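S.K.: One structure follows; several queries about it will come next.
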Amino acid sequence: MRVALLLVRFAAAVVGDERCREQWEADVVGARELGMSPFGVAVGAVRAAVVIPSKGAAVAGIGPLGIALKHAGTSRGRVLAIAVVSALMVLGGLALLFA
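Position one of the sequence shown corresponds to residue 1 (the UniProt record's numbering), numbered consecutively onward.
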């Protein structure tokens, strides 16, 4: 159960919401009473943290990160996808430049 609580705390830190942490910890603690795995509940919290819309970014980045942070109002999964695609495009351009 300790690993599950650590996962929930990590997910809540990613979301940046103290209320989510409290709710998710209570869900993990009460999971056994409902016949569920606490680890499965914690994995669900991590998955939820990926799709919960972000509250904004404190620091604007440069390049792919900057483009992704402009869209910080969308889900974290979309921001990650934008950053990865942008980084691949930059690397592809560099490969063509030096090929």
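Virtual Cβ for every residue (Gly too), placed ideally from N, Cα, C.
Model, not experiment: these values are computed from the prediction.
Which residue from E33, L34 and G77 puts its Cα closest to that of A48?
M.R.: For this step, residue 48 is matched to residue 48 along the sequence shown. With distances taken between Cα atoms, A48 lies closest to G77.
S.K.: Would you say the stretch 29 to 46 touches the stretch 8 to 15, given that touching needs at least three Cβ pairs under 8 angstroms?
M.R.: yes
S.K.: So, for V59: in the same chain, excluding its five sequence neighbours on each side, which residues have a beta-carbon less than 7 angstroms away from its beta-carbon?
M.R.: What you label residue 59 is simply residue 59 of the sequence shown in a count that begins at 1. Note that V59 scores 47 on pLDDT, short of 50, meaning its location in the model is unreliable; the coordinates nonetheless yield the value given after this. None.
S.K.: Whole angstroms is fine: what's the gap from R2's alpha carbon to A42's?
M.R.: The residue labelled residue 2 in the question sits at position 2 within the sequence shown. The residue labelled residue 42 in the question sits at position 42 within the sequence shown. Taking the straight line from one Cα to the other gives about 10 angstroms.
S.K.: Closer than 6 angstroms by C-beta to V8: which residues in its own chain qualify, once you throw out the five before and the five after it? Chain order, please.
M.R.: The residue you call residue 8 lines up with position 8 of the sequence shown. If we look at V8 and ignore the five residues flanking it on each side, its Cβ neighbours are W24, E25, V28, A42 and A45.
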